[in-house]
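Residue numbers (the numbering used here): 1 to 126.
Put into structure tokens, the structure is as follows:
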């Protein structure tokens, strides 16, 4: 039996091997240095654009996995009662959002979500 990602058709990236160059060299790898340089140049506009894409990803996943009419979407909608999401449905949405945004949500955090607003806030942290 595979993972949920396998069932949904996603492929998970492999962890880097232990004792990689990033762990053994004081400065890290060239890729890490490049990533740091890119992140240093990120503007507020870039952050807003990423946040908008994350919100769009959440709403796309929610609309795909629920019967929610886009015109009726509100942040105060309860995941379990208003959107009729069970655990499997919620994790299908989470998996899709994680895949689209490259983010990861711990189970403890997911269990605390009660509303659509909670899910949107988690996907678009300040």
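By construction, the Cβ of each residue, glycine as well, lies at the ideal position given by its N, Cα and C atoms.
From a predicted model like this one, the values you see are computed outputs, not experimental measurements.
| Item | Value |
| --- | --- |
| Which two residues bound the contiguous alpha helix (DSSP H) that contains residue 102? | Neither: residue 102 is in no alpha helix (DSSP H) and is coded neither H nor E. |
| Give the DSSP-derived three-state secondary structure of residue 92 in the structure shown. | helix |
| Candidates 100, 117, 94, 115: which alpha carbon is nearest residue 107's? | 94 |
| Let me know the secondary structure DSSP gives residue 51 once reduced to three states. | helix |
| From 117, 103, 110, pick the residue whose C-alpha is nearest to that of residue 88; which is it? | 110 |
| I want to know whether the region 67-76 touches the region 91-105 - three or more CB-CB distances under 8 Å. | no |
| In whole angstroms, give me the CA-to-CA distance for residue 119 and residue 60. | 13 Å |
| Based on the DSSP secondary-structure assignment, which residues constitute the bridge partners of residue 115? | 78 |
| Here's the rule I'm using: 16 or more other beta-carbon atoms within 10 Å means buried, otherwise exposed. How should residue 98 be labelled? | buried |
| I think residue 115 touches residue 77, with their Cβ atoms under 8 Å apart; what is that distance to the nearest whole Å? | 6 Å |
| Between residue 54 and residue 84, what straight-line distance do the alpha-carbon atoms span, to the nearest angstrom? | 22 Å |
| Which class does residue 46 belong to by DSSP, given the choice of helix, strand or coil? | helix |
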